[in-house]
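There are 2 protein chains.
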Amino acid sequence: MSELPTVPVAVSPIDKFREYLATQGMRLTHERSVIVEDVFSQHEHFDTDQIVERLTPGNTGRRVSRASVYRTVGLLEEAGLIRKVARNNERDVYEHDYGYPRHDHFICDRCDTLIEFENDRVAKLIEELAQETNFRMTGHRLEVYGICEECSRPRKRNPKLDLL
Amino acid sequence: MSELPTVPVAVSPIDKFREYLATQGMRLTHERSVIVEDVFSQHEHFDTDQIVERLTPGNTGRRVSRASVYRTVGLLEEAGLIRKVARNNERDVYEHDYGYPRHDHFICDRCDTLIEFENDRVAKLIEELAQETNFRMTGHRLEVYGICEECSRPRKRNPKLDLL
DNA sequence: GTTATTGCAAACCATTTGCAAGTGT
DNA sequence: ACACTTGCAAATGGTTTGCAATAAC
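Read top to bottom, the protein sequences are chains Y and G.
Start counting the first sequence at 1; every next residue gets the next number (my numbering).
Start counting the second sequence at 1001; every next residue gets the next number (my numbering).
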């Protein structure tokens, strides 16, 4: 997940967000800052509930209401800072869409792990297919299902499963 | 959508379903038959609500409760007769997974239309990538976003939009 | 000072579930 | 007869929303 090289970005996520908000006549509030900071403090896939949990009293002193988290996540998506990558446990799963290279995911049926992989070749091929169909492609989402290397190992039980 | 060639199948959907149910010690009830018949009476993408609506008193005489439709759709998925292809309007969208060739979808951002396209090349490429990563691939889901040919046409308003 | 935003609690909505009555084998 | 199913209505659970108080510009 974190082994992918980051793409150098001139503007920080928070500034990019401020820019977007400005174009919409919206404000960069304290709460929104806290959420952006939280989301971009690690390059992990996340869902809304995780943010809410981290931004809860006992945990970091900072605190943002569930409603605001939902509202802000929506804005971050519109701003192009994050994007939906999958659905897990009935929840939408997001990832960074700013400052990281485009990629797709392997999703392990056994342990649910998302494994990112570079997708230039796939993207190129898809683009060709789209042109053949006169479809003006703007993006794609590819999820490959199966069993990850670790879960494929026979014998001893999979350590990842023990985390459950 | 319906321009794709059908794959000749020896067993009808209803029989395939009966088979599956048998392996699970379950019964092919009248309600389940009605639902399968409805689902396979046309090769269109659908969501649960559409089935419920079609299987409502005034419409065809047949009538199945919403709960049973949900339950049966789940079974049809397990039986490999249908599969989830996307989410639309907060609802899961399904399509036939039996009797039709594998394909992926273009999804128009403007009119929400799903356009199927053959995906042999894509599937092959993905399989290669999976092997390189030691991922034992079992399947994939590819959605390509953009603007469909019809919605790309300039000038006059898009007729599909008028349906809203 | 305006106008956008927050937090709360209530509302929404798709989906699931407990249960008593009904049905397939 | 027995176990599986149905339909109903209530429950669930993620997400949205109305509104009064509060904060950004």
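No residue lacks a Cβ here, since even glycine has one placed at the ideal position from N, Cα and C.
The structure displayed is predicted, hence computed values, not measured ones.
In terms of alpha-carbon separation, which member of the options lies closest to residue i?
i: G/Ser1068; options: G/Leu1028, G/Lys1084, G/His1105 and G/Ala1130; result: G/Leu1028
i: G/Ile1035; options: G/Gln1024, G/Gly1025 and G/Arg1018; result: G/Arg1018
i: Y/Arg110; options: Y/Leu55, Y/Tyr145 and Y/Tyr100; result: Y/Tyr145
i: G/Cys1108; options: Y/Ile115, Y/Ala86, Y/Arg136 and Y/Thr113; result: Y/Arg136
i: Y/Ala31; options: Y/His140, Y/Val73, Y/Glu116 and Y/Val122; result: Contrary to the premise, residue 31 of chain Y reads as Glu rather than Ala in this sequence. Answer by Cα proximity: Y/Val73.
i: Y/Glu132; options: G/Ile1014, G/Glu1132 and G/Phe1117; result: G/Phe1117
i: G/Glu1095; options: G/Arg1063, G/Gly1025, G/Ser1041 and G/Ala1010; result: G/Ser1041
i: G/Phe1106; options: Y/Asn89, Y/Arg54 and Y/Leu129; result: Y/Leu129
i: G/Val1011; options: G/Asn1134, G/Gly1099, G/Asp1112 and G/Thr1113; result: G/Gly1099
i: G/Asp1049; options: G/Met1026, G/Leu1081 and G/Arg1066; result: G/Arg1066
i: G/His1043; options: G/Tyr1020, G/Arg1063, G/Thr1023 and G/Leu1081; result: G/Leu1081
Drop a sphere of 10 angstroms on the beta-carbon of residue i, count the other beta-carbons inside from all chains shown, and report buried for 16 or more, exposed for fewer.
i: Y/Lys124; result: exposed
i: Y/Asp104; result: buried
i: G/Glu1037; result: exposed
i: Y/Asn119; result: buried
i: G/Tyr1070; result: exposed
i: Y/Ala79; result: buried
i: Y/Ser2; result: Note on Y/Ser2: pLDDT 47, under 50, position unreliable in the model; no value is reported.
i: Y/Arg91; result: exposed
i: Y/Pro154; result: exposed
i: G/Pro1101; result: exposed
i: G/Pro1013; result: buried
i: G/Val1093; result: buried
Does DSSP put residue i in a helix, in a strand, or in coil?
i: G/Ser1073; result: First, the residue type needs correcting, since residue 1073 of chain G is Val and not Ser in the sequence shown. G/Val1073: helix per DSSP, three-state reduction.
i: Y/Arg110; result: coil
i: Y/Leu21; result: helix
i: G/Ser1012; result: coil
i: G/Thr1048; result: helix
i: Y/Arg83; result: strand
i: G/Glu1090; result: coil
i: Y/His30; result: helix
i: Y/Leu142; result: strand
i: G/Arg1054; result: helix
i: Y/Arg136; result: strand
i: G/Asp1097; result: coil
How about residue i: is its C-beta nearer than 9 angstroms to some C-beta of chain Y?
i: G/Ala1130; result: yes
i: G/Asp1109; result: yes
i: G/Arg1121; result: yes
i: G/Ile1082; result: no
i: G/Thr1048; result: no
i: G/Glu1077; result: no
i: G/Val1144; result: yes
i: G/Ile1051; result: no
i: G/Ile1147; result: yes
i: G/Ile1035; result: no
i: G/Phe1117; result: yes
Between residue i and chain G, is any beta-carbon pair separated by less than 9 angstroms?
i: Y/Met26; result: no
i: Y/Arg141; result: yes
i: Y/Arg136; result: yes
i: Y/Ile179; result: The requested residue 179 of chain Y does not occur in the structure, where chain Y is confined to residues 1 to 164.
i: Y/Val93; result: no
i: Y/Arg87; result: yes
i: Y/Thr72; result: no
i: Y/Phe106; result: yes
i: Y/Thr133; result: yes
i: Y/Ser152; result: yes
Residue i and residue j look like a contact to me (Cβ under 8 angstroms); what is the Cβ gap, rounded to whole Å?
i: Y/Val39; j: Y/Leu76; result: 7 angstroms
i: G/Val1122; j: Y/Ile126; result: 7 angstroms
i: G/Glu1143; j: Y/His45; result: Their Cβ separation, rounded to whole angstroms, is 18 angstroms, which puts G/Glu1143 and Y/His45 out of contact at 8 angstroms.
i: G/Cys1151; j: G/Ile1115; result: Actually they do not touch by this definition, with Cβ atoms about 11 angstroms apart.
i: G/Leu1087; j: G/Asp1097; result: Residue 1087 of chain G is actually Arg in this sequence, not Leu. Between G/Asp1097 and G/Arg1087 the Cβ distance is about 17 angstroms, and since that is not below 8 angstroms, they are no contact.
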